[in-house]
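In this note's numbering, the protein residues as written are 60 to 174.
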């Protein structure tokens, strides 16, 4: 079993920055991909950023150039640096891990951006 725990959410003013972190524990194998998704009230969950085990990255169109995903020094951690935050970035941010054909989700951390 795999557990994902997010941290770093909070309240920030528009134009500010936040850094989210996710730590994975349990039966973790190499070759997995990790990602951040978000879900705003009344909207579908959407991909924010994804990083593979080889370091390949891709981003959602709305965050390209503002957010950066990275792997931590600890193998099973992933970070999301969020800069130039906008009120429309307000959402619950979820950590995601895909390992073989299994999908795992964290419980989410709330990010609120005030105007």
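We put the CB at the ideal spot given by N, CA and C, even for glycine.
Segment contact, 8 Å Cβ cut-off, at least three pairs: the segment 148-167 with the segment 89-102: yes
Those residues which DSSP pairs with residue 161 across a bridge: 158
Minimum length 3: unbroken beta strand (DSSP E) runs contained in the segment 63-102: 69-72, 77-85, 92-98
Residue 71 vs residue 144 beta-carbon contact at 7 Å: yes
Opposing strand residues paired with residue 105 [DSSP bridges]: 97
Rounded straight-line distance, which links the Cα of residue 85 to that of residue 171: 30 Å
Cross-strand partners of residue 140 (DSSP beta bridge): 78, 127
C-beta contact flag for residue 99 and residue 174 at 7 Å: no
Status (buried if at least 16 other CB within 10 Å, exposed otherwise) for residue 165: buried
Close Cβ partners of residue 62 (< 6 Å) along its chain, the five nearest in sequence each way excluded: Correct list, in chain order: 84, 85.
Top-ranked residue by Cα proximity to residue 121, from 147, 132, 130, 109: 147
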